[in-house]
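Visitor: Before I ask anything, here is the structure I am working with.
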Amino acid sequence: MTGLPRPLRALPLRSRLALLVALAVAVAVAAVAAACWFVTQEQLESRLDSSLRNSPEVDASLVRDLLASCRGAGREPVRSPGSYTLQIIDASGTVCAAPGSTRIEPTGTDLTVAAGNRRDVLHSATDADGQKMRVYTYGLELRPSGEHYAVSVARPESEVTDPLSTLAWVLVLVSGVGVLGAGAAGLWIARTGLRPVDELTHAVEHVARTEDLTVRIPAEGEDEIARLSRSFNSMTSSLATSRDRQAQLIADAGHELRTPLTSLRTNIELLARSDETGRAIPPEDRKALLASVTAQMTELAALIGDLQELSRPDAAQPGPLQVVALHDITRTALRRARLRGPELTITAELAPWYVRAEPAALERAVVNVLDNAVKFSPPRATIDVRLHRGELTVRDHGPGIPAEELPHVFERFWRSPSARQLPGSGLGLSIVARTIHQAGGEIALRPADDGDGTVASVRLPGAPQPPPGH
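Residues in the sequence shown are numbered from -9 upward in steps of one, following the numbering used here.
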């Protein structure tokens, strides 16, 4: 309704709908009333003209009697036939009106008929009393004299205009009642139809005022209002879920941050108390404390980095995708994994595979998968890495993951009870899953088929050869 005039746009929506309904009905009623009036007018005029053409015939004897009466020949006055006004016109324009008829001034066409140059004519005229008349004039020849006259038969046009005036007032009255009824019906329809919108408005205002995202609007049917209600319910449900996840993320982050911070505080307080009291800590213990502080700071830095990765505004959207060599990224990640687990044996069998992904994010995901295998592998164990036709598998020989814990491994901050003593934040696999899914791939963890350990499987769409131009 943006095309409405400004005064209408200032009205409430239901008032605008009622006004527009009333206006539409008014236009329709006016069109129907006008059509009815014009059709009725045409029918009445046609009937009047037909009655004049079919008026009682005036024969020669009646004309002679009327002429004799007009000339004062002592004959009995001749009356007009029925309700018609009758007069006779000769070629000179002399009018002889029947008694009781008001004289109508002849027109040029009447004189043409009187002269015998035209058979008949139908026209409107005004009589001597100022009344509008409908006149039908036809020619009549008297025999044996051969005299030619014009006979004019007329009826008042009020026979048409009076019913039309009455009809016009009836139509105006009916139209007015119809428009008022349409306006009232439009207002009722607008109120009834917009009741769900009012409920939606109240719900939105309630959410804005109280931040209560548990509000739901009943959605019945398949119309636009029901779809809007369902969309609102879906939106509030998603917002509630997002807020719950945000609260859970903050709670989990606070819990995970508390452990390294508590350890750091304890170790630093021990070092500070040693300096304050002058009681030196044995070199071996001091070295162990400093190593613990360094480890806790490293863990804290990794946790903060993971939190920053998850909280980026564009975390839900992938960065610019590029064609990257998954085998090269895996080789780079293997070099880092071998540095972190020098006592482990890492075998690699990498076939070329090119994918579309965000290079930095994909490398971080592969590094996290390998770090997870290094973390849970026992000393001097073997980690098998294989890339074949787009599937990257990393198989360790660690304790494995119980079947009941597999559905939770990609949840944020989730850590297996058996791994809570190991360093980590529980965010690594969650970040890996998000990165792989954004690249259109899949990731899964499963127990190894031939013994202890876990197999991490990453599938990414791609090709063994790079696209042309890369």
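The beta carbon of each residue, even a glycine, is placed where N, CA and C say it ideally should be.
(1) Return the chain-ordered list of same chain residues with a C-beta closer than 8 angstroms to the C-beta of residue 342, the five sequence neighbours on each side being excluded.
(2) The alpha helix (DSSP H) with residue 441 in it runs from where to where?
(3) Compare the beta carbon distance of residue 373 and residue 435 with 8 angstroms and say whether it is the shorter of the two.
(4) Taking the beta strand (DSSP E) that residue 141 belongs to, which residues open and close that run?
(5) Does DSSP put residue 203 in a helix, a strand or coil?
(6) With a threshold of 8 angstroms on Cβ separation, who are the neighbours of residue 109 within its own chain once the five nearest residues in sequence on each side are excluded?
(7) For residue 253, I'd like the list of residues in its chain whose CB is within less than 6 angstroms of its CB, leaving aside the five on either flank, ordered along the chain.
(8) Tell me which same chain residues have a C-beta within less than 7 angstroms of the C-beta of residue 412, skipping the five on either side of it?
(9) Tell me whether the beta-carbon of residue 446 lies closer than 8 angstroms to the beta-carbon of residue 384.
(10) What residue range does the alpha helix (DSSP H) around residue 56 cover?
(11) Could you tell me whether the stretch 14 to 33 touches the stretch 91 to 103, where touching means 3 or more Cβ pairs closer than 8 angstroms?
(12) DSSP state of residue 92, grouped into three classes?
(13) Thinking residue 38 and residue 150 are a contact (beta carbons under 8 angstroms), I'd like their distance in whole angstroms, please.
(14) Tell me, please, which residues DSSP counts as bridged to residue 78.
(15) Name the two residues that bound the continuous alpha helix (DSSP H) containing residue 364.
(16) Report yes if the C-beta distance between residue 264 and residue 271 is below 8 angstroms; otherwise report no.
(17) Using the beta-carbon count (16 or more within 10 Å), is residue 541 buried or exposed?
(18) If we count the other Cβ atoms within 10 Å of its Cβ and call it buried at 16 or more, is residue 219 buried or exposed?
(19) What does residue 339 pair with, by DSSP beta-bridge criteria?
(20) Suppose you measure from the CA of residue 410 to the CA of residue 369; what does that come to, to the nearest Å?
(21) Grab me the residues of residue 122's own chain with a C-beta within less than 6 angstroms of its C-beta, minus the 5 sequence neighbours each way, in chain order.
Guide: With the structure as the only source:
(1) 315, 317, 454 and 455
(2) Residue 441 -> no alpha helix (DSSP H), and no H or E assigned at all.
(3) no
(4) Where residue 141 is concerned, the enclosing beta strand (DSSP E) starts and stops at 138 to 146.
(5) In this structure, DSSP gives residue 203 a state outside helix and strand, which the three-state scheme calls coil.
(6) 103, 128 and 129
(7) For residue 253, where only same-chain residues beyond five positions count, the Cβ hits under 6 angstroms are 286.
(8) In this predicted model, residue 412 has a pLDDT of only 49, less than 50, meaning its place in the structure is not dependable; the value taken from the coordinates is given anyway. Hits under 7 angstroms: 365.
(9) yes
(10) First-last of the alpha helix (DSSP H) with residue 56: 50 to 60.
(11) no
(12) coil
(13) 6 angstroms
(14) 86 and 141
(15) 349 to 366
(16) yes
(17) Not covered by the structure: residue 541. The range shown for the chain is -9 to 460.
(18) It is buried - the Cβ of residue 219 has at least 16 other Cβ atoms within 10 Å.
(19) 376
(20) Since pLDDT at residue 410 reaches only 46, below the 50 mark, its modelled position is unreliable, and no value is offered.
(21) If the five residues before and after residue 122 are omitted, its C-beta is found closer than 6 angstroms to the C-beta atoms of 116 and 147, all from its own chain and listed in chain order.
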